[in-house]
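Residue numbering for the sequence shown follows the numbering used here, starting at 2 and increasing by one per position. Glycine residues also receive a C-beta, built at the ideal position from the N, C-alpha and C atoms.
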Amino acid sequence: MGRYSGPDSNLSTAERKQKLLQEGAAFRADMLVSRDIVRTNLNSKSLATILLGRVTGIASSVFSNRGSMASSNLPAMLPLLLTGASWLSKRRTRKPLLIGAALLAAIGGAAYVNSRKSKTTTDDE
2 MGRYSGPDSN LSTAERKQKL LQEGAAFRAD MLVSRDIVRT NLNSKSLATI
52 LLGRVTGIAS SVFSNRGSMA SSNLPAMLPL LLTGASWLSK RRTRKPLLIG
102 AALLAAIGGA AYVNSRKSKT TTDDE
């Protein structure tokens, strides 16, 4: 038995070295791809999208109970509120958040106008 045991034990030293170099190059390439994926997903626009999605989910769960705010679980929501407040204090996140709020307001306004129009047409008939 040789100095190295395992599936590559029958390879020469030069072949093992070449194989390790290829594995290292593949690993570095995968690391670069992973780093680019993380960079694209951690910019302020994608974080604003994630935050708006979470806020929407929290708001829908809080207001779906039709109860008062006292019935909601404030200790469970407090970490989310503090995280949102510290995130809002950062200057680079204000613009995407304002854009998202404007889009939500426009969608809400359009839905309100649409519901009012459909309500008046059904009342007239």
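A distance below 9 angstroms separates the beta carbons of L105 and L53. C-alpha of S47 to C-alpha of A60: approximately 20 angstroms in a straight line. For N42, the enclosing alpha helix (DSSP H) covers residues 14 to 42. T57 and L33 have their alpha carbons spaced roughly 34 angstroms apart. Taking a contact as a CB-CB distance under 8 angstroms, the pair A30 and P97 does not count as one, their CB atoms being some 31 angstroms apart. Comparing alpha carbon positions, the residue from R117, A15, E24, R55 closest to P80 is R55.
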